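So the sequence shown is numbered by full-length UniProt numbering: it starts at 1 and just counts up by one. Below is one structure, written out as structure tokens; the observations come after it.
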Amino acid sequence: MARQVNRTRATRTGSVPPGNARISKSASASRPKRPPGRPFKMPRSASASASASASSSRSCRSGCPSASPSVAPTPPRRTLSMLEALPRELIQQIFLYSLNLNLPRASPALAAALSREHLYNLFIILAFWDDPPSDDPPNSHPRSEAIDRILAPLEYKPLTLQQRTKLQEDVFRCRFCTLDRVREQIPNMIILTIHRRWINGGMVMERDQQEALERFMNRKDDTVRTFKAKGPPFKGLPEMIGNPLMRQLASIPGPHDYELCITPMVLTEIRSKTMSTVVTWPALELRLLPPHLLRGRNGFSPADVEFLEMLRITSCNTSPPRGTGLNPSTTTTLDRTALHEGVTMAIRTLNFAALETLLKIDEFVVRCHRSNGRHPAFYTIPSDHFLTVTRLDCDPLQNVRLFRTIFRASAESLPINSREIMQWTLDVIRLTEEDPVRYGKIGKFARWFSDFYIRIEEQIEYARVDPKGQLFCLGQLDYNDLEGRAYVDDVLKPDEDAPGNYLYETPFDPQHWWLKRFGPEVPPGFIRSPLMTGP
């Protein structure tokens, strides 16, 4: 009995059911006896140990338990905001109405929805098309199927001057504002101006004139650029002129005789034969020039120079067209500090194209703002530019060419009694004596300049009193001046002519970019307005 009790106690201690006591005893007897102490851990390679350690560390950092330590946990999906969850078309409408070009930078989802070519084109048109709001919107800005088609999907309303200036500044900062994109939208802006100012103005054209205008607006034929019509008095004219006589003429009941004159990629003019008046709209209204484009960053690429020239020509920052009798004027502003930093960059990199373009822009804009269209202004540039040229280590022929380019912009900006200028002149003369065949032409300039520089102080005082007495104005030599005649006789003859107005000198050919073979055509009769009655 005692033996049976002990066997039962041993069985319970080993957690074996009572019915299996015999089997448990037999199995225990067949096993080898385990030595006392903790069993040894099986050895592993160093690489396996390091991998397990790294996996354990990642698992601890993530804070998420994983069944497989070698697979990194996937982060939870980002939830879209209410704005990002909207349909793409609605997001684009919000983008257009907000005029906030930082919106695509808010998230990758918005960037994917808003990075579209047609949106880029719309912002370029909104920023550069001159279409100010009027005090009488129903009459001055009627609904137009053509304007709505070009500006779709935007339900267009004219921007104020402040809005357009701010938008233009923002567009210039964007990477999508490139030479090609802006150039491609200039014809659309001219076509919009024709619709707004000519067709919506109630002009009545003969059938042949209307068909010629349709071909021009389709960009198939630009041989005819002047179109005639009759129409009501031009309402925008009295506010622009501010002349009592012009107001009286504008009150004459119609029809008045008009001419529409278009310079492709440059200018739209409406000439009132009845009032003997011309009103112009540049192809592109340039409110400001971006400082980063004027500075040149790390130098001026050919595309940078072409962009500046295109902006200068298409915004009419040039002398008025010959025969119009208009005074030079501009609405463009610029940062002169940034521009002359660009001039210094162009000098140091021997970039003559950039140098000439920057000097043209600077002189025209500064003279227009200072003279206000009534009296010429005295124009100067930083005198340090001349010293930068004299300190430049380059070929003497290139060096003198740089000096003459700056000299043509403003001879009266020379530093007075500069030893560096005098030494530079003597060095050029010495080179001529050593090699007259190679350096003969620059020697002619150096000898004339040595005499002129002696009298530079008198020349500056004379030009300050009478700005018309500057040796060069807009690049054109004053041939009637004694110094000007001496410059022609001693420097230019017989190989060169007297330099003329350099504002007309440009590598940008506007005629090349009007005729195109792409884009939708204006349907026949599409430009017909309710007042157009042809036979």
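Glycine is no exception: its CB is placed at the ideal position from the N, C-alpha and C atoms. This structure is a prediction, so every number in the text was calculated from the model and none was measured.
heavy atom of the ligand FMN below 7 Å from residue i C-beta
i	result
L80	With respect to small molecules bound, the structure shown includes none, and the ligand FMN cannot be examined in it.
With 16 other Cβ atoms within 10 Å as the buried cut-off, status of residue i
i	result
T357	buried
S49	Per-residue confidence for S49 stands at a pLDDT of 49, beneath the threshold of 50, marking its modelled position as unreliable; the derived number appears in the next sentence. It is exposed - the Cβ of S49 has fewer than 16 other Cβ atoms within 10 Å.
H512	exposed
R287	buried
V437	exposed
S56	Because the pLDDT at S56 is just 49, under 50, the model does not fix this residue reliably, and the value given afterwards should be weighed accordingly. That one is exposed.
N480	exposed
R44	Here R44 scores only 49 on pLDDT, less than 50, and its place in the model should not be relied on; the value that follows carries that caveat. When all chains shown are included, R44 counts as exposed.
S410	buried
H180	In the sequence as displayed, the identity of residue 180 is Asp instead of His. By the neighbour-count rule (16 or more Cβ atoms within 10 Å), D180 is not buried but exposed.
S26	Low per-residue confidence applies at S26: pLDDT is 45, beneath 50, and the placement is therefore not dependable, though the value from the model is reported in the following sentence. S26 should be labelled exposed.
G231	buried
D495	exposed
M82	exposed
D131	buried
P104	buried
S62	Residue placement at S62 is poorly supported in this model, since its pLDDT is 48, which falls under 50; the coordinates still yield a value, given next. So S62 ends up on the exposed side.
P187	buried
I23	Bear in mind that a pLDDT of 43 at I23, under 50, signals an unreliable position, so the model cannot answer this.
S88	First, the residue type needs correcting, since residue 88 is Arg and not Ser in the sequence shown. R88 comes out exposed.
I313	buried
T330	buried
C394	exposed
Y97	exposed
Best match in the options for proximity to residue i [C-alpha to C-alpha]
i	options	result
D362	P153, V491, F227, I406	I406
A346	T333, P302, A377, T332	P302
C177	L119, F449, R297, N317	L119
G440	L286, E117, P396	P396
R348	R116, D180, Q398	Q398
D149	M189, Y97, S115	Checking the displayed sequence, the identity of residue 149 turns out to be Arg instead of Asp. Nearest option by C-alpha distance: M189.
P467	L359, D393, P376, H385	P376
R419	I460, Y453, E433	Y453
L482	Y462, E306, D304	Y462
F508	E309, S134, G500	E309
V305	V266, I252, K360, E269	K360
G254	F95, V266, F234, L350	F234
H195	N351, T268, T318, E169	T268
L503	D478, D497, P510, L474	L474
L471	T331, N351, D384, R408	R408
N501	T318, L90, A85	T318
Residue i, enclosing alpha helix (DSSP H) - first and last residue
i	result
F300	Segment: none, F300 is in no alpha helix (DSSP H) and carries neither H nor E.
L267	Note, L267: premise wrong, no alpha helix (DSSP H); beta strand (DSSP E) at 267-272.
E285	Premise fails: E285 is in no alpha helix (DSSP H) and is neither H nor E.
M422	419-434
Q470	It is not in any alpha helix (DSSP H) - Q470 carries neither H nor E in the DSSP assignment.
G484	482-487
E117	117-128
L515	Per DSSP, L515 belongs to no alpha helix (DSSP H) and is neither H nor E.
P108	108-114
Y462	456-465
E89	88-98
Residue i: first and last residue of the uninterrupted beta strand (DSSP E) it sits in
i	result
V278	277-282
H256	256-263
A338	Careful: A338 lies outside any beta strand (DSSP E), inside the alpha helix (DSSP H) at 336-348.
A498	First-last for A498: undefined, no H or E at that position.
T226	226-231
Cβ of residue i within 8 Å of any chain D Cβ
i	result
V278	Here chain D cannot be found, since the structure has a single protein chain.
Q) Using 8 Å as the Cβ pair cut-off and three pairs as the minimum, do the segment 475-492 and the segment 159-169 touch? A) no
Q.
In chain order, what are the residue ranges of uninterrupted beta strand (DSSP E) at least 3 long that sit wholly in the segment 356-417?
A. Here no run is fully enclosed.
**Q.** Those runs of the alpha helix (DSSP H) which lie wholly inside the segment 142-209 and span at least 4 residues
**A.** 145-150, 161-173, 179-193
Q) Using 8 Å as the threshold, is the segment 246-255 in touch with the segment 285-304, meaning 3 or more CB pairs across them? A) no
Q) Between the segment 364-384 and the segment 440-455, do three or more beta carbon pairs fall short of 8 Å? A) Not touching, per the Cβ criterion.
Q: Indicate whether the contact test is met: 3 or more Cβ pairs, each with one atom in the segment 328-343 and one in the segment 389-404, closer than 8 Å.
A: no
Q. Given 8 Å as the limit, is there contact between the segment 272-289 and the segment 204-217, that is, 3 or more CB pairs closer than that?
A. Too few Cβ pairs lie closer than 8 Å, so no.
Q.
Does the structure place the segment 263-279 close enough to the segment 118-132 that three or more beta carbon pairs sit under 8 Å?
A. Per the Cβ contact rule, the segment 118-132 is not in contact with the segment 263-279 (fewer than 3 Cβ pairs under 8 Å).
Q.
Does the structure place the segment 216-227 close enough to the segment 249-269 that three or more beta carbon pairs sit under 8 Å?
A. yes
Q) Three or more C-beta pairs closer than 8 Å, one from the segment 191-203 and one from the segment 329-336: is that the case here? A) As far as the Cβ criterion goes, the segment 191-203 does not touch the segment 329-336, which means the pair count is below three.
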